[in-house]
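Worksheet: one structure, shown below.
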Amino acid sequence: MFLKSDGEPSLDEAFRGEFEALLSEYVVYGGFPAVVKGEDVKIGLLKNLVSMYAEKDVFGWFGIREVEKFGSLMKYLALSSGSIPGASSACRNIGLDYRALISYLSVLANTYVIRSIYTYHTNRINEIKKAKKVYFYDLGFRNPLPRIFTPVANRSNSGMLENFVLSELILLGFEP
Numbered sequence: 001m002f003l004k005s006d007g008e009p010s011l012d013e014a015f016r017g018e019f020e021a022l023l024s025e026y027v028v029y030g031g032f033p034a035v036v037k038g039e040d041v042k043i044g045l046l047k048n049l050v051s052m053y054a055e056k057d058v059f060g061w062f063g064i065r066e067v068e069k070f071g072s073l074m075k076y077l078a079l080s081s082g083s084i085p086g087a088s089s090a091c092r093n094i095g096l097d098y099r100a101l102i103s104y105l106s107v108l109a110n111t112y113v114i115r116s117i118y119t120y121h122t123n124r125i126n127e128i129k130k131a132k133k134v135y136f137y138d139l140g141f142r143n144p145l146p147r148i149f150t151p152v153a154n155r156s157n158s159g160m161l162e163n164f165v166l167s168e169l170i171l172l173g174f175e176p
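Going by full-length UniProt numbering, the sequence shown opens with residue 1, and the numbers climb by one from there.
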């Protein structure tokens with residue numbers, strides 16, 4: 001039992017391990033309500049969610065026909081989440097022309113999958129000139145794309161944690 005200085009139990013310390021485990025799970029699997037099952041079920045549900053989004057929303061409503069290229073773009077953005085993906089690099093690696101890239105990014109932004117924000121600079125002109133960082137609204141949508149479901153503690157990049165913090169700030173009403 002953890003005790004405060006006045007002899008009362010400290011809930012902060014008593015539940016820290018449980019909280020950290022739940023937070024790690026949330027960062028990996030996201031906040032979609034159906035994803036509270038066993039690990040295999042979670043992964044299957046998230047893959048199905050991404051697939052349904054692509055088939056029904058993107059290809060059905062927006063009429064995008066380059067399925068492989070759109071999927072490659074989503075995977076590219078997932079792998080570069082929290083960093084600054086360059087448009088020319090994305091076009092070259094995926095085989096998209098610039099107009100298609102801008103159109104696909106607009107679809108992803110307008111369907112609340114990704115959020116692009118300017119990086120912070122003390123010089124506002126540089127802030128606008130520089131490329132934006134891309135984040136996913138829910139990491140449960142991001143992680144199935146590159147098929148990475150390793151726990152947060154075992155990951156080498158900080159982009160996912162940065163993405164999580166930004167998502168939570170947006171949910172709390174902060175506008176970056």
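Cβ coordinates follow ideal geometry from the N, Cα and C atoms, glycine included.
Going by DSSP, name the residue or residues bridged to residue i.
i      : result
Lys133 : Ile117
Quick one: what's got a C-beta closer than 8 Å to residue i's C-beta in the same chain, skipping five residues either side?
i           : result
Glu18       : none
Ile117      : Lys132, Lys133, Tyr135, Leu166 and Pro176
residue 180 : Beyond the ends of the chain as shown, which are 1 and 176, falls residue 180; an answer cannot be given.
Val67       : Ala54 and Phe59
Return yes when the Cβ of residue j is within less than 8 Å of the Cβ of residue i, no when it is not.
i      : j      : result
Thr122 : Lys130 : no
Leu101 : Ala87  : yes
Leu49  : Phe141 : yes
Leu145 : Lys75  : yes
Ile114 : Leu77  : yes
What distance in whole Å lies between the Cβ atoms of residue j and residue i, which are believed to be in contact at a cut-off of 8 Å?
i      : j      : result
Val28  : Asn143 : 6 Å
Ser81  : Met160 : 7 Å
Leu139 : Gly30  : 5 Å
Does residue i pass the burial test, meaning 16 or more other C-beta atoms within 10 Å, or should it be called exposed?
i           : result
Leu105      : buried
Phe70       : buried
residue 218 : Only positions 1 to 176 of the chain appear in this structure, which leaves residue 218 out of reach.
Ala90       : buried
Please return the same chain residues whose Cβ sits closer than 6 Å to the Cβ of residue i, not counting the five positions on each side in sequence.
i     : result
Ile64 : Val58 and Phe70
Only counting the same chain, and skipping five residues up and downstream in sequence, which positions put a Cβ closer than 7 Å to that of residue i?
i     : result
Phe62 : Val107
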